[in-house]
Structure formats: structure tokens, C-alpha cells
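If you read the sequence shown in numbering that gives the first Met the number 0, its first letter stands for residue 0, the second for the next number, and so on. Using N, Cα and C, we set each Cβ at its ideal position, and we do this for glycine too. Small disclaimer: the values here were computed from a predicted structure and weren't measured.
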Amino acid sequence: MLIINNLSKSFGTFNVLNQLNWQIQPSSITGLIGSNGAGKSTLLRCIAAVYDVDQGEVLFEGQSLAADPDLRNQIVFVSDEPFYLNRFNLKEMKNLYKSFFPNFSEEKYQELLQLFRFDENKQIQNFSKGLKRQSGLILALAIQPKLLLMDESFDGLDPLMRLTLKRYLVKTVMDTGMSVVISSHNIRELEDICDHMALLENHSIAFTQSLADLQTNYHKVQLGYNHDIDEVMFKGIDYLNLTITGRIATMVFMGNQQQTMEIIASTEPVLTNPMPISMEEIFVVEMENQVNAKS
Numbered sequence: 000m001l002i003i004n005n006l007s008k009s010f011g012t013f014n015v016l017n018q019l020n021w022q023i024q025p026s027s028i029t030g031l032i033g034s035n036g037a038g039k040s041t042l043l044r045c046i047a048a049v050y051d052v053d054q055g056e057v058l059f060e061g062q063s064l065a066a067d068p069d070l071r072n073q074i075v076f077v078s079d080e081p082f083y084l085n086r087f088n089l090k091e092m093k094n095l096y097k098s099f100f101p102n103f104s105e106e107k108y109q110e111l112l113q114l115f116r117f118d119e120n121k122q123i124q125n126f127s128k129g130l131k132r133q134s135g136l137i138l139a140l141a142i143q144p145k146l147l148l149m150d151e152s153f154d155g156l157d158p159l160m161r162l163t164l165k166r167y168l169v170k171t172v173m174d175t176g177m178s179v180v181i182s183s184h185n186i187r188e189l190e191d192i193c194d195h196m197a198l199l200e201n202h203s204i205a206f207t208q209s210l211a212d213l214q215t216n217y218h219k220v221q222l223g224y225n226h227d228i229d230e231v232m233f234k235g236i237d238y239l240n241l242t243i244t245g246r247i248a249t250m251v252f253m254g255n256q257q258q259t260m261e262i263i264a265s266t267e268p269v270l271t272n273p274m275p276i277s278m279e280e281i282f283v284v285e286m287e288n289q290v291n292a293k294s
């Protein structure tokens, strides 16, 4: 679907993205996670050709976006602060979008108005933040893009609208093969909709995996001992995170669970309690490791 090779982007002397490589799979919903200021919005704007890149290339279905501007009509970016012409209502914005996007579907637009229970005749400038987001999403989805880029698009939506949007996105991906990338600082918001997750840290994609692989590869265990413990006891274990409270150790590790548990058993714990691990915990651990690696 989309391949990014060695992409770099700076603003003056401030380097935001550096030799970034990434692939977005077809018919997928990918969550883009990163700390505040990591460059998530900048990356989405580079993909959508809102920003010119300093170095590297963005290939969409094997073609360079820089070499073929017509491809950009198949990629739609919904900003965290959508822009609307002053005093325009959604109906007027729709007519403007129709003149720029040949795939804009009036039928899809009307369907989305009904779904979001939206009045297209009200001036957008008077809308709340959440309603402005809904306006942008209605227009974006009516374009019927092959790739939809959403920057913090759940922010400001009430719980019912978030659920409605998630269901609609999943159905559209299944029906049309569209791919979606959603940037967010709220990992829990993405956990129930995304099938892939990517972490942007230190100016690049630190890792990207399917949700199924993340759930299979990461493990958490709580260990209890009848004596005092310290990190030295676990030096033979390649863990991602270790927290010690008194005689209790909580460990996050990845890879071969059975092999690691055999090594853990050699430390002779009196309590071994495998625990579920959330996507939020995984990404917090990975983000901390990226920060530590940078320092």
C-alpha cells in the first residue's frame, strides 16, 4: 500500500524525522503512537504531501507521490484542527470538496450525515471542537480514499460518536480495502480498533507490529520470594522492564515465554503469577527504552 524510505524532515535546525522507514499494509488500521512532540503530525503531513520532505521518498502503490501528484487525491488527511472557510456550512464545504476530489460520493456523504445525525446547514465556525472533527471526517470519508490519515481524530468526540466512528471505519476497511492510520496519545483508544501498531520515537519508527504479534510476543509475570531480592538475581534474563517492591518482582519480557520462565524458575520464586499485559503497558515500556537508549 504505502512504503516510506529514508524520510527526513526538519524545520530550520530542528530535526523532527530522520531517515524514517515504514510500511503501511493494505486493508489495515494502524495506530501511530508516540510521546508529545515525537513528530506524529509531521509524519502524517509528509505522507499526505502537505509538507515537502527534505530527504527520502513516499511510495503509494509503487508510485512516487512526488512524481505523480494525481495520486494525492487517493490519500486524505484529517488534521487535529480541520480548516474550514469562514462562514461556510458543511453543505458548502461539500460542494467545494466535490470540485477537487473526483471520487467524492454524494451517496456516501448523505449516508454519513444520517449516521452522525448531522445538520449540514449550520455554520461550521460555530461548532464545538468535536463537531468540527465530525465535519472533517464526514468530508474525508465521502471522498472514498484508499488511505485515510487521522490525526487525534477521536479527541473531542463523545463516547457514542467514537463508537459509531470505529464501527464505520472497520466496516469500510472490510468492504473497500481502504487503509487507515490513526495517530493518538491515547493507546487505549486504539487498542479495540487497530490491527497494527507503530511507535514513533527518536525521530523514526522504533518498531511496528501487528496487534496479534504484540499480544503473542510480550509477557508479564509477577514473582514472589521468601528473601530480599535485587536486580542482580535476574541478570541472565533479557527483560524489558523490571520493578522490585520488597520481595515482589514484576517483569515484562518478550520472546520465548517457556524458555524465559525456565530461567526464572532457577531463581526459585515461591510465587509465579503470569499476568495479562495491555497495549498501553507494552508501549510505555518501549517508549521508556527508547528514551533510555537516546540518553
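Alpha-carbon to alpha-carbon, residue j and residue i
i	j	result
LEU19	GLU280	24 Å
ASP157	ILE263	45 Å
ASN67	LEU58	Sequence inspection shows Asp at residue 67; the Asn mentioned does not correspond to that position. Going from the Cα of ASP67 to the Cα of LEU58 covers about 10 Å.
ARG44	PHE76	7 Å
HIS195	SER34	18 Å
GLY61	LYS165	29 Å
LEU147	PRO275	32 Å
ALA139	MET160	16 Å
PRO268	GLY223	6 Å
GLU105	ILE74	18 Å
ASN17	SER203	6 Å
GLY38	LEU198	11 Å
ASP237	SER183	30 Å
GLN258	VAL49	48 Å
GLN133	MET278	27 Å
SER209	LEU112	33 Å
ASN201	ASP53	17 Å
LEU168	VAL180	11 Å
GLN109	LEU162	19 Å
Buried or exposed (CB count within 10 angstroms, at least 16 for buried), residue i
i	result
LYS90	exposed
LEU270	exposed
ALA47	buried
PHE206	exposed
THR12	exposed
VAL15	buried
ASP150	buried
HIS218	buried
GLY176	exposed
ASN304	Because the chain here runs from 0 to 294, residue 304 falls outside it and cannot be looked at.
GLU261	exposed
LYS170	exposed
PHE10	exposed
LEU95	exposed
ALA141	buried
ALA211	exposed
GLU230	exposed
LEU130	buried
Residues bridged to residue i [DSSP beta-bridge criterion]
i	result
ALA197	LEU31 and THR207
ILE249	The sequence shown places Thr at residue 249, not Ile. Answer is GLN221 and THR242.
VAL169	Beta-bridge pairing links VAL169 to no other residue.
LEU1	ILE23 and PHE59
THR163	THR163 is not bridged to any residue.
PRO273	VAL220
VAL284	VAL284 is not bridged to any residue.
VAL75	LEU147
ILE181	GLY30 and MET149
Top-ranked residue by Cα proximity to residue i, from the options
i	options	result
LYS234	GLN214, LEU159, MET250 and GLN221	MET250
ILE2	ILE23, GLU119, ILE28 and GLY30	ILE23
GLN221	PRO273, VAL172, SER182 and ASP227	PRO273
PRO144	ASP79, ILE236 and PHE100	PHE100
SER26	LEU42, LEU130, GLY129 and ASP174	ASP174
PHE282	GLN109, ASN240 and SER127	ASN240
PHE265	ARG246, ALA248 and MET232	Per the sequence shown, residue 265 should be read as Ser rather than Phe. Nearest of ARG246, ALA248 and MET232 to SER265, Cα basis: MET232.
ASN88	ILE137, TRP21 and ASP51	ILE137
beta-carbon residue i near the ligand MG non-hydrogen atom, thresh 8 Å
i	result
GLY223	Among the components modelled here there is no ligand, and therefore nothing to report on the ligand MG.
> Taking only runs of the alpha helix (DSSP H) that begin and end inside the segment 79-155, which ones reach a length of at least 4 residues, in chain order?
Replying inline: 89-99, 105-115 and 128-141
>> Which runs of the alpha helix (DSSP H) at least 4 residues long sit entirely within the segment 8-70? Give them in chain order.
In response: 39-46
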